[in-house]
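Numbering that gives the first Met the number 0 applies: residue 0 is where the sequence shown begins, and numbers increase by one.
Yeah, the Cβ is synthetic: ideal placement off N, Cα and C, and Gly gets one too.
Just so you know, these numbers come straight off a predicted model, no measurement behind them.
Let me begin by presenting the structure, written as structure tokens, before commenting on it.
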Amino acid sequence: MRHRQNRRNPRILVWTLAAAALLAAAPPTTTSAPPNCPRLSGGWSGDNRAHLQDVIDSRGTCAGDTGHGRRPVAAFDWDNTVTKNDVTDATISWALRHDEILRPARWKATSAWLTDAADRALTTACGTGVPVGTPLPTATNSRCTDEILEIRESGRTMSGTAAFAGDWNHRRTVPQYAWVPQLFAGHTLAELSSYARHARAEALAAPVGSTRTLGTHTVPAYVRYYVQQRDLIRTLHRAGFDVYIVSAGSEPVTEVWSRGVGIDAAHTIAIRSVLDRRGRITTRNQGCGDVPANRGAAIPYIDGKRCWINQEIYGVRGAAAWQRQDARHRTAIAGGDADTDVTFVADATGAHLVVNRNKDELMCRAYDDADGRWVINPMFIEPLPRKQGLYPCSTSAYTAPDGTLGPLRRPDGSIVPDLADTVY
């Protein structure tokens, strides 16, 4: 099914109109743009291309002087938003197959939340046969590879024991995401970028749909840039937008890939590792807002993506960086595919672009479409089938800072009802 989405129920029309009036920016209006204005191409679901084009025409250079004093901004998640499949995982895969993970003195020291059980599992599987700081033989030691991949993918050891425990803000970080750059501690940024370039070449050459086996894990072997997203970014650039990537991946890895769509390092935001005096990656990362450098407590993840956008793009400092800003200090277009993207995508004033991967909180926001600006598109390659049943918006779609699940609420406090998957 390829239409944009079902219309809102008339029973909530009055609420919708009121909510729209409260939002800071007016919805885009169809403009009579000159014929030489940058135009989108490629296949989009339903009227999505027209909606995005409307925002580009009304906010970009074809709109003339907007009086805002700065270029309009668009921001996108990277993995499974601009590309099909995860580029950080592709880099981990390549590194494991080429013995590029260095043995830590203690696995427990790689993360603030790694459990004793995970420390024992990794020590047992990966061994102590090589000196600390030298490469682990993961290309031949499938048990070590299995433990690392399982912890990265599920947050559990191969035996099913929790790999992370303790307290963290579940809207600012998730330990297994923060653990990825921590795995590369001891390497330089240049070395990690080199691994990412090798992984990129390999993944782009692999056939669409191909997989490989690492230990007992089957992982995607390929990555592709989405043609439609590449064209969208190119069109936004031509229309005078500043375009940023905001990812929960490792920044050196994301930078290697973002260059392929014309986005430079200065416009690529991801997990930024703190370096030691020799210029090598440590298990600490840079902080955001009022959170100083830390061991993974504040990464570009859910509310963290808003913080990094506010801080790095709009210059908002301190605790205010965690808060929604006025319309002039928010993006015009934002796009993502997962719950980790929901906060910054919802902050956009012109279009909230969603690639449907059946993630509860993001899809509940998108299908509720409270401001009429949500643009839902199936995955451009190998789209998922329709989600069976309803999204549990009214009961468990929202993840609280303490990790508990609860109902998703609109700005006025009302609860979003359970909603069906209609764009797939």
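Limits of the alpha helix (DSSP H) - the one that residue i falls within
i, result
"F343", "341-346"
"I55", "47-58"
"E360", "359-367"
DSSP three-state assignment for residue i, whether helix, strand or coil
i, result
"V260", "helix"
"R237", "helix"
"R329", "coil"
"L203", "helix"
"R279", "strand"
"T267", "strand"
"A292", "coil"
"T187", "strand"
"Y390", "strand"
"A23", "For A23, the predicted model reports a pLDDT of 41, less than 50, meaning its position is unreliable; a value from the coordinates is still stated below. Residue state, collapsed to three classes: coil."
"I244", "strand"
"A419", "strand"
"H97", "coil"
"G314", "coil"
"T29", "Only weak support is given to the placement of T29: the predicted model assigns it a pLDDT of 45, under 50, and the value that follows is read from those uncertain coordinates. Coil."
"T127", "coil"
"T15", "Below a pLDDT of 50, predicted positions are generally treated as unreliable, and T15, at 38, falls in that range; no measurement from the model is reported."
"L383", "coil"
"Y194", "helix"
"T398", "strand"
"A104", "coil"
"A73", "strand"
Boundaries of the beta strand (DSSP E) in which residue i is found, first to last residue
i, result
"P377", "373-377"
"V354", "350-355"
"V179", "Looking at the DSSP string, V179 is not in any beta strand (DSSP E); the run it does join, the alpha helix (DSSP H), is 174-182."
"L135", "Run containing L135: none; DSSP gives neither H nor E here."
"L39", "Where L39 is concerned, there is no enclosing beta strand (DSSP E), given that its DSSP letter is neither H nor E."
"L274", "272-274"
Selection from the options that minimises the alpha carbon distance to residue i
i, options, result
"S92", "D289, D325, R279, G214", "G214"
"Q228", "D76, Q324, P291", "D76"
"T234", "R223, V260, P251, E254", "V260"
"T90", "G371, F183, E381, D325", "F183"
"P134", "R385, F163, A94", "A94"
"I147", "C125, T139, V129", "C125"
"A329", "G335, D346, G132", "In the sequence as presented, Ala is not what sits at residue 329; that position holds Arg. Selected option, being the one with the closest Cα: D346."
"A104", "H97, R96, D118", "D118"
"D230", "A200, R276, D289, I262", "I262"
Cross-strand partners of residue i (DSSP beta bridge)
i, result
"P219", "T210"
"D78", "T82"
"I414", "R408"
"C287", "V290"
"R155", "A161"
"G335", "V353"
"S249", "I270"
"Y225", "None; Y225 has no bridge partner."
"L113", "F163"
Minimum Cβ-Cβ distance from residue i to chain C less than 8 Å
i, result
"S257", "Protein chain content of the structure displayed is limited to a single chain, and chain C is not contained in it."
Residue i: CB within 7 Å of a non-hydrogen atom of the ligand NAP
i, result
"A111", "Within the structure as shown, the ligand NAP is missing, as the structure has no ligands at all."
With a threshold of 8 Å, are at least 3 pairs of Cβ atoms found where one atom belongs to the stretch 228-247 and the other to the stretch 298-306?
Touching, yes, given that three or more Cβ pairs across the two stretches are closer than 8 Å.
Validate contact between the stretch 45-54 and the stretch 202-220 using beta carbons, cut 8 Å, 3 pairs
Per the Cβ contact rule, the stretch 45-54 is not in contact with the stretch 202-220 (fewer than 3 Cβ pairs under 8 Å).
Between the stretch 175-193 and the stretch 103-113, do at least 3 Cβ pairs fall closer than 8 Å?
Yes, since at least three Cβ pairs between the stretch 175-193 and the stretch 103-113 fall closer than 8 Å, the two stretches touch.
Does the stretch 352-370 come close enough to the stretch 389-396 to have 3 or more Cβ pairs within less than 8 Å?
Between the stretch 352-370 and the stretch 389-396 there are three or more inter-stretch CB-CB distances shorter than 8 Å, so the stretches are counted as touching.
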